[in-house]
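Protein chains: 2
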Amino acid sequence: MENITNHFRIGLFLILFIVLTFSRSNQVLAQNKSQYIRIAKIMIDAAQLESYKAALKEHAEAAVRKEPGVLTLYAVYDKDNPTHVTVFEIYASVEAYKSHIQTPHFIKYKTTVKDMVKSLVLTDVVPIALETKPK
Amino acid sequence: MENITNHFRIGLFLILFIVLTFSRSNQVLAQNKSQYIRIAKIMIDAAQLESYKAALKEHAEAAVRKEPGVLTLYAVYDKDNPTHVTVFEIYASVEAYKSHIQTPHFIKYKTTVKDMVKSLVLTDVVPIALETKPK
């Protein structure tokens, strides 16, 4: 009788273990799959480049610091073509992005740079690998 | 006499504080300035896309895990043009990059993808803001 109870206990633990393991990994997958990742290519008026860079820097710092759903904003310019700016953007979800573009700091940035930007191309992308060292 | 000694002590502390503050911030600046950042645009043969993505993923994971100087490898493909791959690369320095391309995992990756890559454009970039949440 005690033997049966023990087998029952072990079976119960195994089921619990399997259920917990799978629900955890599904959670992690769901989290990563919901990320919204985009590359922005922006061409800037050469005469206003320094002002543009200052506005973008201020905006990126504010967004990542203040918004839980703005995970990464990597803004760079081409070494040989400084008016060509690229921003690599990672948001926790499409919803986080939609909320981002309604924040006061985003609206301030958009207003400030309105006449500095000559063109803007936005490309939605899908991750292959997002590898980075812990900060 | 005691008063003079106290003034001397305070002066000494102030000098030490200033020296330490400046040497620290110079160190941080030097560290950031030495980073080597690049964007790779890679066009892949459509028939070999899945094999290419697997090879790139394996390579990116190995490089960031094994090499102290490979800080970030963000590899993505365009949602609407899956054969267009972009890699956002941050190395601690040009030296770290030079050592990276001599590692066994890099050479294995290059050999594996040799006939999968249709074109490769490398652009050196300069940071405006590199904002990301702590991992």
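Line order of the protein sequences matches chains B and S. Its first residue numbered 4, the first sequence is counted upward by one per residue in our numbering. Its first residue numbered 4, the second sequence is counted upward by one per residue in our numbering. Heads up, the beta-carbon is just placed ideally off N, CA and C, and yes, glycines get one too. In this text the structure is predicted, and so the values were computed from the model without any measurement.
Flag this pair as touching only if the segment 66-78 of chain B and the segment 86-97 of chain B have three or more C-beta atom pairs under 8 Å; answer yes or no.
-> yes
Is the segment 38-54 of chain S touching the segment 121-130 of chain S, taking contact as three or more C-beta pairs under 8 Å?
-> yes
Beta-carbon proximity of residue 94 of chain B to residue 38 of chain B, cut-off 8 Å | yes
Which residues, in order along the segment 57-84 of chain B, keep a beta-carbon less than 7 Å from a beta-carbon of chain S?
-> 59, 60, 63, 64, 67, 74, 75, 76, 77, 78, 79, 80, 81 and 82
Local conformation of residue 32 of chain B per DSSP, three classes = For residue 32 of chain B, the pLDDT reaches just 42, beneath the cut-off of 50, and the residue's location in the model is therefore unreliable, although a value from the coordinates is still provided. Correct three-state label for residue 32 of chain B: helix.
Buried/exposed call for residue 27 of chain S, threshold 16 Cβ in 10 Å | Low local confidence applies: a pLDDT of 47 at residue 27 of chain S is under 50, so the model's placement there is unreliable, and no value is given.
Status (buried if at least 16 other CB within 10 Å, exposed otherwise) for residue 98 of chain S = exposed
Would the beta-carbon of residue 115 of chain B fall within 8 Å of that of residue 58 of chain B?
-> yes
Reducing DSSP to helix, strand and coil, say where residue 126 of chain S ends up.
-> Under the three-state reduction of DSSP output, residue 126 of chain S falls in the strand class.
Answer yes or no: does any C-beta atom of chain A fall closer than 8 Å to that of residue 91 of chain B?
-> In the structure shown, chain A does not exist; the protein chains are B and S.
Can you grab the Cα-Cα spacing for the pair residue 55 of chain B / residue 112 of chain B, in whole Å?
-> So the two alpha carbons sit approximately 9 Å from each other.
Under the three-state reduction of DSSP, which class applies to residue 191 of chain B: helix, strand or coil?
-> What is shown of chain B runs 4 to 138, which leaves residue 191 of chain B out entirely.
For residue 125 of chain B, decide whether its Cβ has a neighbour in chain S, counting only Cβ atoms nearer than 8 Å.
-> no
Would you mind stating whether residue 67 of chain B and residue 136 of chain S have Cβ atoms separated by less than 8 Å?
-> yes
Could you give the DSSP three-state label for residue 27 of chain S: helix, strand or coil?
-> Its pLDDT being 47, under 50, residue 27 of chain S is placed unreliably by the model, and the measurement read from it follows with that caveat. DSSP places residue 27 of chain S in helix when its eight states are reduced to three.
Pick helix, strand or coil for residue 92 of chain S, following the three-state DSSP scheme.
-> strand
Excluding five sequence neighbours on each side, which residues of the same chain lie with their C-beta closer than 6 Å to the C-beta of residue 72 of chain B?
-> 94, 95 and 99
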